[in-house]
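Please read the structure below before turning to the comments.
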Amino acid sequence: MCYNYFRSSLCGLSPTHLQMSGQRKVVCVTGGSGYIASWLVKLLLHRGYTVKATVRDLSDPKRTEHLLDLDGAKERLHLFKANLVEEGSFDPVVDGCESVFHVASPVFLGTNDPHADLIEPAVKGTENVLRSCARFPSVKRVILTSSMASVAFNGKPLTPDVVVDETWFSDFAFCVSNKLWYMASKTLAEETAWKFAKENGIDLVTINPGLVIGPLLQPTLNYLCRAVSGQHKWRSSRSTKIAKFVDVRDVAYAHIQALEIPSASGRYCLVGRVTHFSNAVKIAHELYPTLPLPEKCADDKASPLVYEVSKEKAKTLGLDYIPLEVSVKDTIEIATGTERMSRGGDGKVVCVTGGSGYIASWLVKLLLQRGYTVKTTMIQRKQSTCLHLTELRKDFICSRLIYGRRAFDPAVDGCEGVFHTASPISLSPTDNPQVDLIDPALKGTLNVLRSCAKVQSIRRVVLTSSIAACVYSGKPLDHDVAWYPLAKTLAEQAAWSFAKENATDLVVMNPSFVIGPLLQPTLNLTVEMILNLVNGAETYPNAYYRCIDVRDVANAHIQAFEIPSASGKYALTAYVTTFSEVLKIIRENYPTLRLPEKSEESTYKPGQVSKEKAKTLGISFTPLDLTLVLIEFDENLLSISGFFWLKLKTLL
1 MCYNYFRSSL CGLSPTHLQM SGQRKVVCVT GGSGYIASWL VKLLLHRGYT
51 VKATVRDLSD PKRTEHLLDL DGAKERLHLF KANLVEEGSF DPVVDGCESV
101 FHVASPVFLG TNDPHADLIE PAVKGTENVL RSCARFPSVK RVILTSSMAS
151 VAFNGKPLTP DVVVDETWFS DFAFCVSNKL WYMASKTLAE ETAWKFAKEN
201 GIDLVTINPG LVIGPLLQPT LNYLCRAVSG QHKWRSSRST KIAKFVDVRD
251 VAYAHIQALE IPSASGRYCL VGRVTHFSNA VKIAHELYPT LPLPEKCADD
301 KASPLVYEVS KEKAKTLGLD YIPLEVSVKD TIEIATGTER MSRGGDGKVV
351 CVTGGSGYIA SWLVKLLLQR GYTVKTTMIQ RKQSTCLHLT ELRKDFICSR
401 LIYGRRAFDP AVDGCEGVFH TASPISLSPT DNPQVDLIDP ALKGTLNVLR
451 SCAKVQSIRR VVLTSSIAAC VYSGKPLDHD VAWYPLAKTL AEQAAWSFAK
501 ENATDLVVMN PSFVIGPLLQ PTLNLTVEMI LNLVNGAETY PNAYYRCIDV
551 RDVANAHIQA FEIPSASGKY ALTAYVTTFS EVLKIIRENY PTLRLPEKSE
601 ESTYKPGQVS KEKAKTLGIS FTPLDLTLVL IEFDENLLSI SGFFWLKLKT
651 LL
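Reading the sequence shown from the start, the letters are residues 1 to 652 in UniProt numbering.
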């Protein structure tokens, strides 16, 4: 299923069957540098295809670099220059291909000459690509990227009882009379394609997506990404209109399925959700309340009622649509991240200790995205331990580390900032807590700080502590279960004492239970705790749960380094919720899982954790349902042995 695949990708689990289907097959993608096409090229390379892609200008790095950086591009991606309106321009690209994806098409939402800017390039471009395909018998199938613009614009009323499907066609004359120029161009281009395919015996399939949303691969932001990230002035009246949203990753996946499934034919409407723009804006507001988005509609007109678009035929392609909430979040993260990258790291060198860990892996990923050069340490430099890091980007240094007073000297030398995340974690009983937990946490922290004190270039140290170092000061410690909080408390106390004595600019992050998608190949304890809910447990703890998304924690670390006024401690807790609420969310997203129905004995409710200081870092906490839905509950994770619930509950 498409959504499951992308959840797996986010969690670092790559299904092998997706990698092998295109081995030794050659395909063509027109308009390869575009929004949909870039994702299509990425997934085709991932499946083993050799891809010949066309771009308008081979010398423009904005059109080529993001493609050449894709995994497999060096061996199996070939770029060509082609002109949509020039007949024969696509011949050398199509030659030798088994299939062609015609994605290239002009997109102008406003134009003074719609015939020259939109209609002629769309129609002539489609004809030219199909003529080239007709010349080469190796081409077995052509997949055309059309649009819902060529489906739903025919003057028929779109009332709540209406279900739009593949039998609907937009009316060219209706579009022209209403000056719907983009709709007119897509309608005429698709009509032309079907006519040519019928006359020339071409196996043609069309993909008709709605309004495409989701993360970008290319460096330039499209209109929608600029809008949802607050970088483009919204017309508030748009929020009264209805949009047919679909995630760009679903669209790219559907293209490949339309090629690989022999029985695929005709048209496929791709719409994950039909809703008002205001709902998408609301989601964006909830995720990022500081973005300059409209608070209300420009007029008092009643919003039109929502109709439906059939998903039945799209289901035959194996589609499981990515939720709009996930699409909006990913769009904004990429759009705003693109802006930050240009002004954030800019080649600055930082160190992350314990780089292969859960929080640290996401921290490394976000630092690299912002342009930092990252030096990271780990106890064992095995390929399996740091492979997920080396795949992020090439400009970081991975060092093996042995605990000692000078062990961190080489790692922090030359750095401007140090993120000390490395720390032992064990929530289970231990025979020797002093050796297993307290000494490594305490001595490790002091060793890092001593190394930092020797390097004048280091302007700030960000320490990953824990909410456990905040909430246990007044409660008697139980020797069976509280060694981890004690270790974190002593380590943080030692850090503040050292920082004061040595004038170290120290900022401390105190996250609660951290959950969310994994980058590393090994399972961490906090995600394992969630997995044990779905791993055959008969009951669940009637406990409360302080939690936060791992990506929010990583982002907070970077903000604490970059914001000059950041200081002191930052308690990071997004939600205080119950295990029953966690189960409810999992059940809604994974209805086939066997989940416990009964709870154990009652427990106390912990106090709320203030978010006020964390907000000064610009943190917008990820909703709990989005965090949980990106944890892939597959057989690999569900095979984990049971967790010690009794020992965990007092830590929550």
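For every residue, glycine included, the Cβ atom is placed at its ideal position computed from N, Cα and C.
Buried versus exposed call for residue i [16 or more other C-beta atoms within 10 Å across all chains shown]
i: N447; result: buried
i: H78; result: exposed
i: residue 664; result: Outside the shown range of the chain, which is 1 to 652, sits residue 664, and nothing can be said about it.
i: K315; result: exposed
i: Q434; result: exposed
i: R273; result: buried
i: Q383; result: Note on Q383: pLDDT 48, under 50, position unreliable in the model; the coordinate value appears next. With fewer than 16 Cβ atoms within 10 Å of its Cβ, Q383 is classed as exposed.
i: T592; result: exposed
i: R551; result: buried
i: P160; result: exposed
i: R459; result: exposed
i: P60; result: It is Asp, not Pro, that sits at residue 60 in the sequence shown. Looking at its Cβ environment, which holds fewer than 16 other Cβ atoms inside 10 Å, D60 is exposed.
i: V507; result: buried
i: A184; result: buried
i: V374; result: buried
i: V163; result: exposed
i: D247; result: buried
i: G414; result: exposed
i: P121; result: buried
i: Q23; result: exposed
i: Q608; result: exposed
Distance, residue j Cα to residue i Cα
i: F561; j: C97; result: 50 Å
i: L211; j: I242; result: 10 Å
i: P209; j: L188; result: 16 Å
i: P219; j: L180; result: 29 Å
i: E87; j: N128; result: 5 Å
i: residue 653; j: G516; result: Look at the range of the chain in this structure, 1 to 652, and you will see that residue 653 is not part of it.
i: S177; j: D95; result: 40 Å
i: I548; j: L572; result: 7 Å
i: T377; j: P511; result: 21 Å
i: L617; j: P623; result: 18 Å
i: L287; j: L270; result: 25 Å
i: K25; j: S610; result: 56 Å
i: G371; j: G347; result: 6 Å
i: W168; j: H66; result: 36 Å
i: V29; j: T353; result: 42 Å
i: Y321; j: D250; result: 6 Å
i: K140; j: G48; result: 18 Å
Nearest-angstrom beta carbon gap, residue j and residue i [assumed within contact, 8 Å]
i: I438; j: A360; result: I438 to A360, Cβ: 21 Å. No contact.
i: V350; j: V418; result: 7 Å
i: L45; j: L70; result: 6 Å
i: residue 661; j: D171; result: Limits of the chain in this structure are 1 at one end and 652 at the other, which puts residue 661 out of reach.
i: L144; j: A193; result: 5 Å
i: F513; j: A543; result: Incorrect: roughly 11 Å between the Cβ atoms, too far for contact.
i: T421; j: A453; result: Not really, about 19 Å apart at Cβ, beyond 8 Å.
i: Q257; j: L317; result: 4 Å
i: S423; j: T464; result: 7 Å
i: S599; j: T539; result: 6 Å
i: I213; j: V309; result: Their Cβ separation, rounded to whole angstroms, is 15 Å, which puts I213 and V309 out of contact at 8 Å.
i: C133; j: I207; result: 16 Å between Cβ atoms; not a contact.
i: P81; j: V55; result: Reading the sequence as shown, one finds Lys at residue 81 and not Pro. With 8 Å as the limit, K81 and V55 qualify as a contact, their Cβ atoms being about 7 Å apart.
Those residues which DSSP pairs with residue i across a bridge
i: I143; result: F101, V205
i: T573; result: In the DSSP output, where bridge partners are listed per residue, T573 has none listed.
i: N510; result: A571
i: A243; result: T275
i: G357; result: Note: G357 sits in no beta bridge, so no partner.
i: F419; result: V352, V462
i: E501; result: In the DSSP output, where bridge partners are listed per residue, E501 has none listed.
i: L363; result: Paired residues: none, contrary to the question.
i: L270; result: P209
i: V326; result: DSSP output for V326 lists no bridge partner at all.
i: D549; result: I515
i: C28; result: K52, V100
i: V309; result: V164
Contained alpha helix (DSSP H) runs [length at least 4] in the segment 42 to 115, N- to C-terminal order: 61 to 68, 73 to 76, 91 to 94
Where are the beta strand (DSSP E) runs, 3 residues long or more, that stay fully inside the segment 146 to 170, in chain order? none
As an exercise, report each continuous alpha helix (DSSP H) stretch of at least 4 residues that is fully enclosed by the segment 584 to 626, in chain order. 612 to 615
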